[in-house]
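>
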Amino acid sequence: MLYTGKSILDVANEHNFAIPAFNISDWAMFTGIIDISEELDAPVIIAIHPDEVSHVTTDLIAAMHSRAHRSSVPVAIHWDHGGTYEQMITAIKSGFTSVMIDASLLPFEENVALTRKVVEAAHAVGIQVEGELGTIGANDSYGESGAAEIIYTNPDDAVRFVQETGVDSLAIAIGTSHGLYPSDKNPELRHDLLEQIKAAVGIPLVLHGGSSNPDAELARAVELGVNKINISSDIKVSYHNRMREILGTDERLREPNAIQPEPIAAMKATAAEKIRLFGADGKAELY
């Protein structure tokens, strides 16, 4: 079942769980994530950011639609971290059912103006929009890679932002960071801030950069109102590390069916941990 971002997240908001948004970068990752979501009867958001889009191309979205329509669980296809209005139009025309415009590095008023423009275009064709307020920094090549430090989301600004843009969900900065945390950093979430923001805005809240945060912190964030958590590095590390191990065993290996099953299984195991941690397992029956 193919869903929009709003229709899939509103149920999570009402029933107080979080849907994982898994960033995929090839067809095998996509089918593996759909398979494990079906096995756990969990709704899922497939996220693709601009770097990944440039790799898989928008031509793949039609095939994703076909698989999603045959799925036994709700599936949304989400353009992650769109940086321009033009990218958002491309996403809508290509068949994404949810989009994120990330203007968080711009001054507040410019962020509002661009986000509102995207909301007007997307809502006209029934597509949900995620905006972002505050910056979470980055340890990788996408997202807020220009942000050297976390700028926490201000609850009062969040109220203004939601009112003035009309976004359906809001990514907030409460102490996560894109990519895997380096060993000299200690990730810690501001649950007090999350609680204030949720009480103030009410709409589904999103966490980006959840890799390396302790499970207990993420579980508490879900309890306090986070309804979507992006997972990219964790599943890619599992997938590609196992692939490196397989390829290292025999230089004659060349057929995908001899190489990829175990990496996919490793990725699915990591994804299953996240699905259960966020309370999404068994929730497809709510739709």
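When you line the sequence shown up against the working numbering, it's residues 33 to 319, in that order.
Think of the CB as a built atom: it goes at the ideal place given N, C-alpha and C, for glycine as much as any other residue.
1. CA-CA distance, E71 and G314?
2. Once you ignore the five residues that flank Q292 on each side, which residues in its own chain have a CB closer than 6 Å to its CB?
3. I'd like the list of long-range same chain contacts for P106, defined as Cβ closer than 7 Å, with 5 residues on each side in sequence excluded.
4. How is the beta strand (DSSP E) around Q119 delimited, first residue to last?
5. Closest by CA to I296, which one among S270, S126 and V194?
6. In chain order, what residues of the same chain lie with their CB nearer than 6 Å to the CB of S173, ignoring the 5 residues before and after it?
7. Starting from L34, trace the alpha helix (DSSP H) in both directions and tell me its first and last residue.
8. Quick one: using the 10 Å Cβ neighbour count with 16 as the cut-off for buried, is R274 buried or exposed?
9. Anyone know if the C-beta pair for F54 and I263 falls short of 7 Å?
10. Am I right that A248 and A190 are in contact with their C-beta atoms under 8 Å? What's the rounded C-beta distance?
11. Using a 10 Å radius around the Cβ and a threshold of 16 neighbouring Cβ atoms, would you call H110 buried or exposed?
12. List the DSSP bridge partners of S98.
13. Between the stretch 219 to 227 and the stretch 273 to 289, do three or more beta carbon pairs fall short of 8 Å?
14. Are the C-beta atoms of T167 and some chain C residue less than 7 Å apart?
15. Would Q195 be called buried (16 or more neighbouring beta carbons within 10 Å of its own) or exposed?
16. Closest to D58 by C-alpha separation, out of H87, E46 and A50, would be which residue?
17. Nearest by alpha-carbon distance to N143: which of I267, E164, V131 and G158 is it?
18. Please work out which residues of its chain come closer than 8 Å, Cβ to Cβ, to I94, disregarding the five sequence neighbours upstream and downstream, and give them in chain order.
19. Counting C-beta neighbours from all protein chains within 10 Å, is the total for D134 16 or more, i.e. buried, or is it exposed?
20. So what does DSSP say about V76, is it helix, strand or coil?
21. Starting from A108, trace the beta strand (DSSP E) in both directions and tell me its first and last residue.
22. State buried or exposed for K306, treating a residue as buried only when at least 16 other CB atoms are found within 10 Å of its CB.
23. In terms of DSSP beta bridges, what is F54 paired with?
24. In this structure, how does DSSP classify A203 when only helix, strand and coil are distinguished?
25. Helix, strand or coil for G166? Go by DSSP, reduced to three states.
26. Could you check whether V150 and D200 sit closer than 7 Å to each other, using their CB atoms as the reference points?
27. If we count the other Cβ atoms within 10 Å of its Cβ and call it buried at 16 or more, is L285 buried or exposed?
28. Compute the Euclidean distance between the alpha carbons of E141 and P246, then round it to the nearest angstrom.
29. Quick check on I235: does DSSP put it in helix, strand or coil?
30. Is V161 helix, strand or coil when you go by DSSP?
Concretely, from the data shown:
1. 9 Å
2. A60
3. M33, Y35, I40, P75, A316 and Y319
4. Note, Q119: premise wrong, no beta strand (DSSP E); alpha helix (DSSP H) at Y117 to S126.
5. S270
6. Reliability fails at S173, whose pLDDT of 48 lies under 50, so the model's placement of it is uncertain and the value that follows must be treated cautiously. Cβ neighbours of S173 beyond the five flanking positions: none.
7. That residue, L34, is in no alpha helix (DSSP H); it is neither H nor E in DSSP.
8. buried
9. yes
10. Not a contact, Cβ separation roughly 25 Å.
11. buried
12. Answer by DSSP bridge pairing: none, since S98 is not bridged.
13. no
14. Judged by its chain identifiers, the structure shown contains no chain C, having just a single protein chain.
15. exposed
16. H87
17. E164
18. A small fix is needed here, since residue 94 is Ala in this sequence, not Ile. G127.
19. buried
20. strand
21. V107 to G114
22. buried
23. I78 and I263
24. strand
25. coil
26. no
27. exposed
28. 34 Å
29. coil
30. strand
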